[in-house]
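With positions in the sequence shown counted from 1, the corresponding number in this note's numbering is that position plus 208.
Backbone N, C-alpha and C fix where the C-beta goes; we use that ideal spot for every residue, glycine too.
Every value quoted in this text rests on a predicted model; they were computed, and no experiment measured them.
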Amino acid sequence: MSDLSKMRNIGIMAHIDAGKTTTSERILYYTGKIHRIGEIDDGAATMDWMQQEQDRGITIQSAATTTYWRGYQINLIDTPGHVDFTAEVERSLRVLDGAVAVLCAVGGVQPQTETVWRQADTYKVPRICFVNKMDRIGADYFGAIDEVREKFKANPVALQIPIGKESNFEGIIDLIKMKEYRFSPEDEGETIIESDIDSSRLEEAQSWREKLLDEVAAGNDEIAELYLGGEEIPPETIRKEIRRRTIAQELVPFLCGSARKNCAVQPVIDAIVDYLPAPDEIPPATAFHLKKEEEVKVPCDPEAKAPVGLVFKIQYDKEMGSLCYVRMYAGKIKTGEQVFNSGKKKRERVNRILRMHSNKSEPMDSVSAGDIAVIIGLKLAQTGDTLTSEGMPVLLERMHFPEPVISVAIEPETLSDRDKLNETLEILSKEDPTFTSREDAETGQVIISGMGELHIDVLATRMRDDFKVAARIGAPQVTYRESITQKATHTESFSKVLGGKENTAEITLTVEPAEQGKGNSFVNLVKDKTIPNEIYEAVASGINNSFSSGIQYGYMCTDIVVTVTGMKYNELTSTPFAFEACSVAAFDEACRKASPELLEPVMNVDIFCPKDFVGDAMSQVTQRGGIISSLESKPTTEIIHAQSPMRQMFGFSTNLRSVTQGRASFTMSFSHFQIKPGGLGSV
Numbered sequence: 209m210s211d212l213s214k215m216r217n218i219g220i221m222a223h224i225d226a227g228k229t230t231t232s233e234r235i236l237y238y239t240g241k242i243h244r245i246g247e248i249d250d251g252a253a254t255m256d257w258m259q260q261e262q263d264r265g266i267t268i269q270s271a272a273t274t275t276y277w278r279g280y281q282i283n284l285i286d287t288p289g290h291v292d293f294t295a296e297v298e299r300s301l302r303v304l305d306g307a308v309a310v311l312c313a314v315g316g317v318q319p320q321t322e323t324v325w326r327q328a329d330t331y332k333v334p335r336i337c338f339v340n341k342m343d344r345i346g347a348d349y350f351g352a353i354d355e356v357r358e359k360f361k362a363n364p365v366a367l368q369i370p371i372g373k374e375s376n377f378e379g380i381i382d383l384i385k386m387k388e389y390r391f392s393p394e395d396e397g398e399t400i401i402e403s404d405i406d407s408s409r410l411e412e413a414q415s416w417r418e419k420l421l422d423e424v425a426a427g428n429d430e431i432a433e434l435y436l437g438g439e440e441i442p443p444e445t446i447r448k449e450i451r452r453r454t455i456a457q458e459l460v461p462f463l464c465g466s467a468r469k470n471c472a473v474q475p476v477i478d479a480i481v482d483y484l485p486a487p488d489e490i491p492p493a494t495a496f497h498l499k500k501e502e503e504v505k506v507p508c509d510p511e512a513k514a515p516v517g518l519v520f521k522i523q524y525d526k527e528m529g530s531l532c533y534v535r536m537y538a539g540k541i542k543t544g545e546q547v548f549n550s551g552k553k554k555r556e557r558v559n560r561i562l563r564m565h566s567n568k569s570e571p572m573d574s575v576s577a578g579d580i581a582v583i584i585g586l587k588l589a590q591t592g593d594t595l596t597s598e599g600m601p602v603l604l605e606r607m608h609f610p611e612p613v614i615s616v617a618i619e620p621e622t623l624s625d626r627d628k629l630n631e632t633l634e635i636l637s638k639e640d641p642t643f644t645s646r647e648d649a650e651t652g653q654v655i656i657s658g659m660g661e662l663h664i665d666v667l668a669t670r671m672r673d674d675f676k677v678a679a680r681i682g683a684p685q686v687t688y689r690e691s692i693t694q695k696a697t698h699t700e701s702f703s704k705v706l707g708g709k710e711n712t713a714e715i716t717l718t719v720e721p722a723e724q725g726k727g728n729s730f731v732n733l734v735k736d737k738t739i740p741n742e743i744y745e746a747v748a749s750g751i752n753n754s755f756s757s758g759i760q761y762g763y764m765c766t767d768i769v770v771t772v773t774g775m776k777y778n779e780l781t782s783t784p785f786a787f788e789a790c791s792v793a794a795f796d797e798a799c800r801k802a803s804p805e806l807l808e809p810v811m812n813v814d815i816f817c818p819k820d821f822v823g824d825a826m827s828q829v830t831q832r833g834g835i836i837s838s839l840e841s842k843p844t845t846e847i848i849h850a851q852s853p854m855r856q857m858f859g860f861s862t863n864l865r866s867v868t869q870g871r872a873s874f875t876m877s878f879s880h881f882q883i884k885p886g887g888l889g890s891v
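Quick look at the structure:
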């Protein structure tokens, strides 16, 4: 048995408040990693180590830790559930081999659950489900199973059923062993009491076991024969088949419990080991070979000659500088070695390698394929960069992050704070790809952009408290985009005498609108061998810079396709500078001919409120120009699904709380950009 088979890289994903961090704490406690359970409500959770996470009671950064269970190494990543921190979830799922989806027994499948489930589908991550909060009023385990089947077209299979529910919830029935399990409250659930199934529950347990065996026998002839012959099927055989089909994503095992009440968390850890894949059981990673210019497969092999690792997260530490979280896909990286950063095409030195436990660490000599560790010493690395050797210059597929939709102006209080502010913004944007900053050309103000009011608030608080930057922050503004609605072609000539030397260029290009959400693209159809490469690079640079400087209002462009169809080059007078300036002017003129429009972000809004206040909550949305798409009923709440322009949503939470007596809550996530009626004049 190789070491890889004894390793699990898993993440815990869920909607906000479903109990991810509470579940992670229990996993660390029962595996002996921590000796006291920290509660989120007390601000003492191990995985929520940032001051703000403790103050706000939410997870902001995905914490990584390593623990051991039954001789298996589990690399555990606890991801945020709040929609503003989508990037944290996205980059964690990219490097995980398996995931535990935590569902709230009362809320079932909630909007952010749908987001993370879709992200897990994108990265083909096998998962198991843990239905938490079985002790809450309105808990419905079987309802959650039905909802996953309907909403995700998944194939959920119950491996356990609850004993009682709500205040009478006392344990679980294991359908594989056909035994009852209770967890002793005297020692925080550490002692597990096994007993035979009570006669009053036997019929229901047998009926659910039949469903489990039906599903397992459907894909396995050996089990089917034993099943049809009425023979006893060994638990190990059932587990093996569930594992095979979970990894193939043909089914999703379901478990239940209450993490807060220390009830039934150990079976979840068993399920992680039993059903989620080892690093070598998932398909090889796909990478793009820079020299061969083709896709190559990277098998998970610790003995591979060239190391291949992905930087999936960067975190700044006051003492150590940038901590680069790296998932290794092949080979080995040792302390003191040089690695090739193929994203930046530069060599970097690995000063130290650490095994992380939340925000504590222990040194390692090397990190091999399949493992996750932190590398210190990389100066240039950013999220999404690939570390390898120059002999194997490959890029693992890049991660795609959503566009920021909200901006605020930030000003340093004194001139001496300005440099500090710029340094801090650079560090924060390295850490978080959905956070951007730019200087407004007209006002000279620094504008920071993010995924929502909470996202900006968290980052602003970090600047003040962690980086000690004294800065004033303006009111939130919507981040608009510019695009075009028609196709247009333009030929631009450039001629300027600089330093006594003539600079000339001529470019013909076509601009046309791309499909919504496709982003910008640039194609050069000119293939003239007599034109030097630096001229082509200057044109590409000019066009790419134009995308970020806008058309009429200075907002970034989106969904524009630029095609260069002609270039006039004179070897005596044409310079890269002339072609770059010419391409900028050509882009501007072509876009002005192509009926430019201002686009505004439209948000998906999901409101959770008691039945009595549905009418009031709906009118709050419609008054702001929102469109209600559907209404979903749950046992204790109604969920209103709507879409509304972002500019109308400022201050919405205050109004919603006042009309619902503080009993409604909502989540908002970016949907798409649409043409803003009336342009900027109507803001």
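Query                                                                                                                                                                                                      : Result
Do residue 710 and residue 632 have their C-beta atoms closer together than 8 angstroms?                                                                                                                   : no
Short of 8 angstroms in beta carbon distance, which residues of its chain neighbour residue 239, apart from the five on each side in sequence? Order them along the chain.                                 : 275, 276, 277, 282 and 477
Please go through the same chain and pick out, in chain order, the residues whose beta-carbon is closer than 7 angstroms to the beta-carbon of residue 572, but skip the five residues on each side of it. : 561, 562, 563 and 581
Which of the three DSSP states is assigned to residue 528 in this structure?                                                                                                                               : coil
Counting pairs of beta carbons, one from the region 656-674 and one from the region 614-629, are three or more of them closer than 8 angstroms?                                                            : yes
What does a CB cutoff of less than 8 angstroms around residue 612 pick up in its chain, not counting 5 residues either side in sequence?                                                                   : 642, 643, 644, 657, 658, 659 and 687
Mind reading off the beta-carbon distance from residue 504 to residue 512? Whole number of angstroms is fine, and I expect it under 8 angstroms.                                                           : At roughly 12 angstroms, the Cβ-Cβ gap does not stay under 8 angstroms, so residue 504 and residue 512 are not in contact.
Return yes when the Cβ of residue 690 is within less than 8 angstroms of the Cβ of residue 777, no when it is not.                                                                                         : no
Using DSSP with H/G/I as helix, E/B as strand and the rest coil, what is residue 494?                                                                                                                      : strand
Can you tell me where the beta strand (DSSP E) with residue 463 in it begins and where it stops?                                                                                                           : 460-464
Measure the C-alpha to C-alpha separation of residue 372 and residue 425 and round it to an integer number of angstroms.                                                                                   : 29 angstroms
When DSSP builds the beta bridges, which residues end up paired with residue 316?                                                                                                                          : 312
Report the residue from 858, 534 and 598 whose alpha carbon sits nearest the alpha carbon of residue 552.                                                                                                  : 598
Going along the chain, which unbroken runs of the alpha helix (DSSP H) with 4 or more residues stay wholly within the region 385-467?                                                                      : 407-426, 429-436 and 443-455
Check this for me: beta carbons of residue 815 and residue 872, under 8 angstroms apart or not?                                                                                                            : yes
For the alpha helix (DSSP H) that contains residue 823, what are its first and last residues?                                                                                                              : 822-831
If we count the other Cβ atoms within 10 Å of its Cβ and call it buried at 16 or more, is residue 451 buried or exposed?                                                                                   : buried
Ignoring anything shorter than 4 residues or poking outside the region 624-666, list the alpha helix (DSSP H) runs there in chain order.                                                                   : 624-639
Is the CB-CB distance between residue 541 and residue 531 below 8 angstroms?                                                                                                                               : no
Express the C-alpha separation of residue 810 and residue 883 in angstroms, rounding to a whole number.                                                                                                    : 10 angstroms
Between 536, 490 and 547, which has its C-alpha nearest residue 510's C-alpha?                                                                                                                             : 536
Quick one: what's residue 880 bridged to in DSSP?                                                                                                                                                          : 810
Less than 8 angstroms between the beta carbons of residue 230 and residue 468, yes or no?                                                                                                                  : yes
Which partner residues of residue 282 appear in the DSSP bridge assignment?                                                                                                                                : 216 and 275
Would you give the residue range spanned by the alpha helix (DSSP H) that residue 800 belongs to?                                                                                                          : 784-801
DSSP beta-bridge partners for residue 328?                                                                                                                                                                 : None, per the DSSP bridge assignment.
With a threshold of 8 angstroms on Cβ separation, who are the neighbours of residue 218 within its own chain once the five nearest residues in sequence on each side are excluded?                         : 282, 283, 284, 285, 304, 305, 306, 307, 308, 480 and 484
Quick one: measure Cβ to Cβ for residue 790 and residue 713, integer angstroms, because I've assumed they're closer than 8 angstroms.                                                                      : 4 angstroms
Of the residues 432, 758 and 767, which one's Cα is nearest the Cα of residue 722?                                                                                                                         : 767
According to the neighbour-count rule (16 or more other Cβ atoms, all chains shown, within 10 Å of its Cβ), is residue 279 buried or exposed?                                                              : exposed
Once DSSP output is grouped into helix, strand and coil, what is the label at residue 550?                                                                                                                 : coil
Output yes or no for whether 8 angstroms exceeds the beta carbon distance between residue 339 and residue 313.                                                                                             : yes
Quick check on residue 211: does DSSP put it in helix, strand or coil?                                                                                                                                     : helix
Which class does residue 776 belong to by DSSP, given the choice of helix, strand or coil?                                                                                                                 : strand
Do residue 825 and residue 715 count as a contact pair if the criterion is CB distance below 8 angstroms?                                                                                                  : no
What number of angstroms, rounded off, separates the C-alpha of residue 177 from the C-alpha of residue 465?                                                                                               : The question about residue 177 has no answer, for the chain in this structure spans 209 to 891.
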